[in-house]
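*Asks:*
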Amino acid sequence: MLLTKKHYIVISLIWLTIAVVFAAIIRSSFVVGMGSWFNYKYFLHTHSHLAFLGWIFNIIYYFLLKQFKLLDSKKYGYLFIALNISVLGMLLTFPFQGYALWSIIFSTLHILISYIFAIFFYKDTKGNNSINRKFAIAAIVFMVVSSIGPFSLAPIIANGLKDSIWYDMAIYFYLHFQYNGWFLLSIISMTAYSIKIKDNDNWQRAFNLFVISTILNFSLSTLWTDPGWVINIISVLSSLMQFHALFLMSKDIFIHLRKMDKFKAMLMKIIYLLFILKIFFALAGSIQEVAMFVYYNRNLVIGYLHLIFLGIVTPFFFIKISEEYAILNSSNHKLALIIYLFIFLLSELLLTTTSVGFNGDVILFISDLIVYTTWILAGITIYLSSRYKLEALNHNKSNS
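Shown next, in the form of structure tokens:
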């Protein structure tokens, strides 16, 4: 089935809208009684699967197809439909049963279909030796590798190890290679493509460093087990490698930024700075005492994940979608993006302060503020999503 740009973008944004509503409900549960209908873990599983697979996977899928001129291939349309049937299945099962038979079936189905996508994409782009393809292929490989995490949960649980470190390690393995591999390397691929980078030495070295460091940086996710100083050193080196890789790309990136209009350049600089901040936090987390402190302060873990998901990945794709419909510089859209980034940064600050050690009354006050900022962030995200969906539908009508 041949899908249009409208189908890919609108469906992705629908999942984002639902995911942020779940996020707001989950955060509200910390200060408001939810009743017997609410199960924190079930809703958390739903939120994370919709955010990862409904929003980010789908939007990366679309922009990679567009980048490599594969949108006219009907097989990718059929795959997209199958992928989203599986996401719908997760929405209808996870809130009510968590990880159980049907939710596992639907999540496994999505993984298996993503393997087919990986094979098709590799074959259909094989003649392309550009640096942006190298990053795209690496991103897809890491997406496939990340699935080892969820697939390992069944034998871990079957062997009575659900409360062991192996269960948590499997989840962290999945998260690491999704966030740092699939998400971020896809963005770098799209950046290299938009800049029209040739396969020069700096970008090739940066590619090698990112691939190696992404593998090695999983060590950061193991430090809470106190594995020994060698793993700390590996974690430090992997973060330094990413700093070096970003430095190698920075000249071309900033030359390109100077050619952009001021508002887009400002947004991209903020995303770039947040990327640097993400690497810095990973480097700081390589210190054993810091790693243990973060592990026992869940809001810091959530803040780090949100830094990537809400601070880097989602704004990047908001910019790309708005450019699809030439609305990036409309006044209402500009204001919405500025509010989004401001509330995001405020929520990150509040999440961090809950770990400082204030007394109970202050923590309760901050917890209330986090709920308010979560709902505001959800609201502005829904507004932006609705704006993009409306533009997509109107654009489709004008072209019909």
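Taking this note's numbering, I'd label the letters of the sequence shown as residues 2 to 401. Cβ atoms here follow ideal geometry from the backbone N, Cα and C, with glycine treated the same way. Note that the coordinates shown come from a computational prediction; the quantities given were computed from them, not determined experimentally.
(1) Is it true that the CB of L14 sits closer than 7 Å to the CB of N389?
(2) When the distance is taken between beta carbons, is A119 closer than 7 Å to I141?
(3) Give every residue of the same chain whose Cβ lies closer than 6 Å to the Cβ of G55, excluding the five residues on either side of it in the sequence, and list them in chain order.
(4) Going straight from the alpha carbon of T355 to that of I377, what length do you get?
(5) Got a sec? Which residues, its chain only, sit under 7 Å from A83 by beta carbon, not counting five neighbours each side?
(6) Quick one: is R28 buried, meaning 16 or more other Cβ sit within 10 Å of its Cβ, or exposed?
(7) Quick one: using the 10 Å Cβ neighbour count with 16 as the cut-off for buried, is V146 buried or exposed?
(8) If I'm right that I254 touches T192 with Cβ under 8 Å, what's the distance once you round it to whole angstroms?
(9) Let's test the definition: count the other Cβ atoms within 10 Å of the Cβ of G36 and tell me whether it reaches 16, buried, or not, exposed.
(10) Drop a sphere of 10 angstroms on the beta-carbon of S401, count the other beta-carbons inside from all chains shown, and report buried for 16 or more, exposed for fewer.
(11) Restricting to Cα atoms, I'd like to know which of E392, H396, A393 and T375 is closest to V22.
(12) Tell me the DSSP secondary structure of I328 in three-state form.
(13) Are the beta-carbon atoms of I167 and I158 separated by less than 7 Å?
(14) Thinking C-alpha only, which one of L278, I271 and Y305 is nearest I339?
(15) DSSP three-state call for W38: helix, strand or coil?
(16) State buried or exposed for W204, treating a residue as buried only when at least 16 other CB atoms are found within 10 Å of its CB.
(17) Can you check which of these residues, Y100, N209 and F81, is closest to N12 by C-alpha distance?
(18) With DSSP run on the structure shown, which of helix, strand or coil describes T375?
(19) Measuring straight from C-alpha to C-alpha, what distance separates Y63 and G182?
(20) Measure the Cβ-Cβ separation of L311 and F282 and say whether it is below 7 Å.
(21) Nearest to Q68 by alpha carbon, out of I138, P96 and S368?
(22) What is the C-beta distance between S368 and V32, in whole angstroms, given that I count them as a contact (C-beta under 8 Å)?
(23) If I measure Cβ to Cβ from Y123 and keep anything under 7 Å in the same chain, skipping five residues before and after, which residues do I get?
(24) Who are the Cβ neighbours of A285 in its own chain at under 8 Å, not counting the five residues just before and after it?
(25) Report back the beta-carbon spacing between I10 and I381 to the nearest angstrom; my notes put them in contact at under 8 Å.
(26) N133 lies in the alpha helix (DSSP H); which residues open and close that run?
(27) Would you identify the three-state DSSP class for A101, choosing helix, strand or coil?
(28) Taking the Cβ atom as the reference point for each residue, do I196 and H245 lie within a distance shorter than 7 Å?
(29) Measuring CA to CA, which of M250, L336 and I213 is closest to F264?
(30) For N59, is the classification buried or exposed, using 16 other Cβ atoms within 10 angstroms of its Cβ as the cut-off for buried?
(31) Three-state secondary structure (DSSP) at L4?
(32) According to DSSP, is N218 part of a helix, a strand, or is it coil?
(33) Could you spell out where the alpha helix (DSSP H) holding L249 opens and where it closes?
(34) Answer yes or no: the CB of I344 versus the heavy atoms of the ligand PLP, is any distance below 6 Å?
(35) Return yes when the Cβ of S239 is within less than 7 Å of the Cβ of I61, no when it is not.
(36) Counting only beta-carbon separations shorter than 7 Å, does S13 have a partner in chain C?
*Replies:* With the structure as the only source:
(1) Here residue 389 is taken as the residue at index 388 of the sequence shown, counted from 1. Here residue 14 is taken as the residue at index 13 of the sequence shown, counted from 1. Per the sequence shown, residue 389 should be read as Tyr rather than Asn. For Y389 and L14, yes; Cβs fall inside 7 Å.
(2) Start at 1 with the first residue of the sequence shown, and residue 141 comes out as number 140. Start at 1 with the first residue of the sequence shown, and residue 119 comes out as number 118. Judged by their CB atoms, I141 and A119 are nearer to each other than the 7 Å cut-off.
(3) Here residue 55 corresponds to residue number 54 of the sequence shown, with the count starting at 1. Cβ neighbours of G55 beyond the five flanking positions: W16 and V88.
(4) As a first step, residue 355 must be located in the sequence shown, where it is residue number 354. As a first step, residue 377 must be located in the sequence shown, where it is residue number 376. Straight across, the Cα-Cα distance linking T355 with I377 is about 19 Å.
(5) The residue you call residue 83 lines up with position 82 of the sequence shown. Excluding residues within five positions, the ones whose Cβ falls inside 7 Å are I114.
(6) Taking the sequence shown and counting its residues from 1, the one referred to as residue 28 is at position 27. Around the beta carbon of R28, 16 or more other beta carbons lie within 10 angstroms, which makes this residue buried.
(7) Along the sequence shown, one-based indexing puts residue 146 at 145. A buried status is given to V146, since no fewer than 16 other beta-carbon atoms sit within 10 Å of its beta-carbon.
(8) Locating residue 254 in the sequence shown gives position 253, where the first residue counts as 1. Locating residue 192 in the sequence shown gives position 191, where the first residue counts as 1. About 7 Å; that satisfies the 8 Å criterion.
(9) Residue mapping note: residue 36 aligns to position 35 of the sequence shown, counting from 1. Counting Cβ neighbours within 10 Å, G36 comes out exposed, since fewer than 16 surround it.
(10) Here residue 401 refers to the residue found at position 400 of the sequence shown. Low per-residue confidence applies at S401: pLDDT is 43, beneath 50, and the placement is therefore not dependable, though the value from the model is reported in the following sentence. With fewer than 16 other Cβ atoms within 10 Å, it is exposed.
(11) Residue numbering aside, residue 22 sits at position 21 when the sequence shown is read from its first letter. Taking only the C-alpha atoms, the option nearest V22 is T375.
(12) Residue mapping note: residue 328 aligns to position 327 of the sequence shown, counting from 1. Reduced to three states, the DSSP call for I328 is coil.
(13) As a working mapping, residue 167 is identified with position 166 in the sequence shown. As a working mapping, residue 158 is identified with position 157 in the sequence shown. According to the sequence displayed, residue 167 carries Trp and not Ile. With respect to the 7 Å criterion, W167 and I158 are not classified as neighbours on the basis of their beta carbons.
(14) What you label residue 339 is simply residue 338 of the sequence shown in a count that begins at 1. Checking every option, the nearest Cα to that of I339 belongs to I271.
(15) Against the sequence shown, residue 38 aligns to sequence position 37. When DSSP states are grouped into helix, strand and coil, W38 belongs to the coil group.
(16) Locating residue 204 in the sequence shown gives position 203, counting from the first residue. Buried, because 16 or more other Cβ atoms sit within 10 Å of the Cβ of W204.
(17) Here residue 12 refers to the residue found at position 11 when the sequence shown is read from its first residue. One point to set straight first is that residue 12 is Ile, not Asn, in the sequence displayed. Checking every option, the nearest Cα to that of I12 belongs to F81.
(18) For the purposes of this step, residue 375 is taken as the residue at position 374 of the sequence shown. DSSP places T375 in helix when its eight states are reduced to three.
(19) What you label residue 63 is simply residue 62 of the sequence shown in a count that begins at 1. What you label residue 182 is simply residue 181 of the sequence shown in a count that begins at 1. Cα-Cα distance, rounded: 18 Å.
(20) Within the sequence shown, numbered from 1, the residue matching residue 311 stands at position 310. Within the sequence shown, numbered from 1, the residue matching residue 282 stands at position 281. No, the Cβ-Cβ distance between L311 and F282 is not below 7 Å.
(21) For the purposes of this step, residue 68 is taken as residue 67 along the sequence shown, with counting starting at 1. Nearest to Q68 by C-alpha distance, out of I138, P96 and S368, is I138.
(22) As a position in the sequence shown, residue 368 is number 367, starting the count at 1. As a position in the sequence shown, residue 32 is number 31, starting the count at 1. Indeed they touch by this definition, with Cβ atoms about 6 Å apart.
(23) Start at 1 with the first residue of the sequence shown, and residue 123 comes out as number 122. Correct list, in chain order: I138.
(24) For the purposes of this step, residue 285 is taken as the residue at position 284 of the sequence shown. So the qualifying residues of the chain are V291.
(25) Here residue 10 corresponds to residue number 9 of the sequence shown, with the count starting at 1. Here residue 381 corresponds to residue number 380 of the sequence shown, with the count starting at 1. Not a contact, Cβ separation roughly 18 Å.
(26) Working through the sequence shown from its first residue, we reach residue 133 at position 132. Unbroken alpha helix (DSSP H) run through N133: I132 to S147.
(27) Reading the sequence shown from its first residue, position 100 is the one you call residue 101. Look at A101 here: in three-state DSSP terms it is coil, with no helix or strand label.
(28) Your numbering for residue 196 matches position 195 in the sequence shown. Your numbering for residue 245 matches position 244 in the sequence shown. The answer is no: Cβ separation not under 7 Å.
(29) Counting from one through the sequence shown, the residue named residue 264 turns up at place 263. Among M250, L336 and I213, the Cα nearest to that of F264 belongs to L336.
(30) Sequence index remark: in the sequence shown, residue 59 carries index 58 (1-based). Around the Cβ of N59, a 10 Å sphere holds 16 or more other Cβ atoms; the residue is buried.
(31) As a first step, residue 4 must be located in the sequence shown, where it is residue number 3. If DSSP states are grouped into helix, strand and coil, L4 belongs with coil.
(32) Residue numbering aside, residue 218 sits at position 217 when the sequence shown is read from its first letter. Three-state DSSP puts N218 in a helix.
(33) On the sequence shown, residue 249 is found 248 positions in, with the first residue counted as 1. From DSSP, the alpha helix (DSSP H) with L249 extends over W230 to R259.
(34) As presented, the structure is devoid of all ligands, the ligand PLP included, so that no description of it is given.
(35) Residue numbering aside, residue 61 sits at position 60 when the sequence shown is read from its first letter. Residue numbering aside, residue 239 sits at position 238 when the sequence shown is read from its first letter. No.
(36) Judged by its chain identifiers, the structure shown contains no chain C, having just a single protein chain.
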